[in-house]
Every structure is written in structure tokens, then in C-alpha cells.
Amino acid sequence: MTHETPNEGVMSRKEIAKKVGHKCLVSRRNFLISSGVTTTIMITMNPGTAMAKEVPAQVTEYPRKLIAKMSDLKLDEPLDFTYPDEGEHADSMIVRMGVKAGGGLGPDQDIVAFNYACTHQGGSLMDSYKADTKSLGACPLHLSTYDLTRHGILISGQAYQSLPQVLLEVDGDDIYATGIFGLIFGRKENLHG
Ligand code: FES
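My numbering applies: residue 1 is where the sequence shown begins, and numbers increase by one.
In C-alpha cells:
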């Protein structure tokens, strides 16, 4: 999954995450968020090419919330939590999948977290984790299914946006949610639920 920005080409989610840490960029496609404590940083688009260019990007601070313990995570058994608040569509899950995943945490990079609200029309994906395919879905409304090994990209169904991925940070045995990539369904801004 990549994100286009006006006039400056494409950066992958991994590149963006490396650049801004646990903050969120603002883009024209609403993948990224504009609320809360917002500051501006400079990022390089098309690095290493003749089109390399420094451009300003807004970043937003998310709450840092303790959501689980490493020692509590059992293989392919999701744990539920809410993030970034207790508002609508804040239900989310964390799971250790046993296979390396984009944005994965832990020694095997296999721990990921995602919002449960389907990006099509907000159907709840709670309790729909499939261990054999490491996916969430099918959505009970129109059958969308999302690949949790590849940043929640759509596998099949009616949706056209990836499932918002919760950014994670580990401190000893504690796992914290620190941000979200992607816009939660039904919200104009993730932090204003
Ligand atoms: S709401 Fe999930 S596929 Fe339509």
C-alpha cells in the first residue's frame, strides 16, 4: 500500500512510518489525520532521484495507550481494545499471527493491531479473524476481507480502502497503541470520535 501526495510521487506506509515515527501525516486522501496537537516537519519525496524534493508535512500526536501485555498474546487469539478513544468505531484488535507482517511488532514481527470497522460501510469485523489466512472478514454486510500481513489491504469485497492499522510500541512486556494509519470509518478525523 502506498500513499500519493500532491505532485510529489509516492511513499510507502513503511517509509512514512520511518520518517515520522508514531505520528500521522495529513494527505489529500484522508489516510492521515488532521486534529489534536499538529506540527509541521519537512520530508523528502522521491529520495535519491532527480525529482527529490523537501516538502512540508503536518504530523499529529496520538495518545499513547497501554493495550496488552506481550505475555498475554497467544498465537492467533486476538485481544480486543478501543483506540484512540471510547467513541464510535474505536473497537480494535491485536493479534500475534506467527508470520511476519507489515508493521509487525516483536522478535518475529508478527504482532499487529487493526481497527474493526470495515472501511466500506462500517460493518463490524469483530470475531472475524481467520488464522489460516491471517485476515479479518468476511464483513457480515458485503463480505470485504482484509489481509493483516500486508497493512490491512483489501483481499476481496466491496471496500476500496485498507483497514486502518494501529501503530504499536513495546516497553518491556507492555504494548502501547501510539497512532493509526488510515481513517477510521465514519470519522472525519480519527481523534474526534
Ligand atoms: S460494510 Fe463491510 S463490505 Fe460493506
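Built from N, CA and C at the ideal position, the CB exists for glycine as well.
Which class does Asp76 belong to by DSSP, given the choice of helix, strand or coil?
coil
With DSSP collapsed to three states, give me the class of Cys24.
Only weak support is given to the placement of Cys24: the predicted model assigns it a pLDDT of 40, under 50, and the value that follows is read from those uncertain coordinates. Three-state result, Cys24: strand.
Taking the alpha carbon of Asp72 as the reference point, which residue from Arg96, Ala177, Lys65, Gln158 has its own alpha carbon closest?
Arg96
Got a sec, what are the start and stop residues for the beta strand (DSSP E) Arg64 sits in?
First-last for Arg64: undefined, no H or E at that position.
Straight-line CA distance for Leu32 to Thr145?
Here the model assigns Leu32 a pLDDT of 41, short of 50, so the residue's position is not dependable and the matter cannot be decided.
By Cβ distance, which residues of its chain are closer than 6 angstroms to Ala177, with the 5 residues on each side in sequence left out?
Lys65, Ile67, Tyr83, Val166
Look at His151 and His120 and say whether their C-beta atoms are less than 8 angstroms apart.
no
Nearest-angstrom Cα separation, counted from Glu169 out to Leu105
7 angstroms
Buried or exposed (CB count within 10 angstroms, at least 16 for buried), Tyr160
exposed
In terms of alpha-carbon separation, which member of Ile175, Glu61, Tyr62, Glu86 lies closest to Ala113?
Ile175
Which of helix, strand or coil DSSP assigns to Met45
strand
Cα separation between His89 and Pro107?
30 angstroms
Quick one: Cα of Ile49 to Cα of Ala117, how far?
Note that residue 49 is Thr in the sequence shown here, rather than Ile. Near 38 angstroms, if we compare the C-alpha coordinates of Ala117 and Thr49.
Below 7 angstroms, is the gap between the Cβ of Leu163 and the nearest heavy atom of the ligand FES?
no
Assigned secondary structure, Met70 (DSSP; H/G/I helix, E/B strand, else coil)
helix
Can you determine whether any heavy atom of the ligand FES sits closer than 7 angstroms to the C-beta of Ala177, and answer yes or no?
no
Any chance the CB of His89 is under 7 angstroms from a heavy atom of the ligand FES?
no
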